[in-house]
Amino acid sequence: MTFSIQKIRNPFLILCVFLLISLPSMLHAEAIYLKNGQTIYGRIVNQNRQEVRILTENGLRVIPKSTIGRIDYGATRPEPKPEPKPEPKPEPKPEPKPEPKPEPKPEPRPEPKPEPKPEPGPETVTRPTLTGALWRGALLPGWGQYYQGRKNAAYLYGGGFLLLAGSTVALYREYEVQNTQYSDASSDFLVTSPLIVDYNSTAALSAVTLVSLQKLESTRTGAQTMANYANWGASLTLAFYAWTLADLWLYEPGAGPLTTLSPTPSGDGLQVCLHFRF
12 MTFSIQKIRN PFLILCVFLL ISLPSMLHAE AIYLKNGQTI YGRIVNQNRQ
62 EVRILTENGL RVIPKSTIGR IDYGATRPEP KPEPKPEPKP EPKPEPKPEP
112 KPEPKPEPRP EPKPEPKPEP GPETVTRPTL TGALWRGALL PGWGQYYQGR
162 KNAAYLYGGG FLLLAGSTVA LYREYEVQNT QYSDASSDFL VTSPLIVDYN
212 STAALSAVTL VSLQKLESTR TGAQTMANYA NWGASLTLAF YAWTLADLWL
262 YEPGAGPLTT LSPTPSGDGL QVCLHFRF
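Under our numbering, the letters of the sequence shown match residues 12 to 289, in that order.
Structure representation (structure tokens):
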């Protein structure tokens, strides 16, 4: 069956016919062997007496014929040899680490010897002075005796002064109460006095007047008595205070207390005695 290519109008059919014709020629490539031993594979597209033009994978190359040894048409390109894999290098063995040397133990330091403590010298004894004892005794009775080292006498004088002073203060407060009552009784007597009230009721007022006079007299007597007691208490307190100062003045160190208060047996009981030293 004969047909002409011009009658084929289907472009796809034309492409298939072209591939079938050119496929055998594309499978066979030319090889140019150069004089220096190099081989070039590709497709010769043109050549003349001076040069050969070959289409390689890297592009079009122009090779002079003076360098060509021979040309092999339809040569097959040998498959590239696989590159030899590099042999794995043996891993270097780790160098053995040197064993750490044991650190030398530090030599024990000798313990420092304790410094000898200085021997205490004789303590300086400060003797009590008379001036120090007097101003202490003036501020608080018994403090001066305590300063002189007489603790028993200090307790005796201090306690006695507190007792006398407290009793005197209580007596003066009672005197103030009695004196207030006496003042009230005086006011009542003046209000109910016959000099102010009407003379027509003289018989009735006589009894009231007598009661007012009796109350006035009793309150006056009580106030006077409390005043005497308070004065005696103040006198005794002042005398005792003066005696505590005199005791500080007359005290001789080492000779014992000037006054002693001590219980002494007397029959079946005890008797408290007060001794004075002159």
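Don't be surprised by glycine CBs; every beta carbon is placed ideally from N, CA and C.
In the DSSP assignment, G280 forms a beta bridge with S277. For the pair of segments examined, the segment 225 to 239 was found not to touch the segment 168 to 179: the number of CB pairs separated by less than 8 Å stays below three. Boundaries of the beta strand (DSSP E) around Y52: T50 to Q58. In this structure, T255 and P152 form a Cβ contact; the two beta carbons are roughly 4 Å apart against a cut-off of 8 Å. Judged by DSSP secondary structure, T137 falls outside any beta strand (DSSP E); it is assigned neither H nor E. E62 is bridged by DSSP to P75. Inclusion of R54 and K76 in the CB contact set at 9 Å is not warranted, their separation being larger than that value. Within the model, the alpha-carbon separation for E130 versus L141 is close to 33 Å. Proximity to T248 across M237, P97, T67 and V180 peaks at V180, based on C-alpha coordinates. Residue environment: W260 is assigned as exposed (fewer than 16 neighbouring CB atoms within 10 Å of its CB, all protein chains considered). Linking V56 to G80 through their CA atoms gives a straight-line distance of about 19 Å. In this structure, A42 sits near I82, with a CB-CB distance shorter than 9 Å. In terms of Cα proximity to A238, the closest of N190, K112 and I65 is N190. Bounds of the alpha helix (DSSP H) holding G155 are W154 to Y158. Going by C-alpha positions, T67 is about 34 Å away from E98. Setting aside the 5 residues that flank it on each side, E185 is surrounded in the same chain by M237, each with a C-beta closer than 7 Å to its C-beta; the list follows chain order. Distance between G48 and T78, taken at the CA atoms: about 10 Å. Between S223 and D199, the C-beta gap is smaller than 9 Å, which places the two residues in contact. Here DSSP, grouped into helix, strand and coil, assigns L150 to helix.
Straight across, the Cα-Cα distance linking S194 with A234 is about 10 Å. Here DSSP, grouped into helix, strand and coil, assigns Y44 to strand. Around the beta carbon of L167, 16 or more other beta carbons sit within 10 angstroms, so the residue counts as buried. Assigned with DSSP and collapsed to three states, Y262 falls in coil, not helix or strand. Using a Cβ distance threshold of 9 Å, Q156 and A164 count as a contacting pair.
Setting aside the 5 residues that flank it on each side, P139 is surrounded in the same chain by Y158 and Q159, each with a C-beta closer than 6 Å to its C-beta; the list follows chain order.
The closest CA to that of W243, considering only S197, A176 and Q282, is found on A176.
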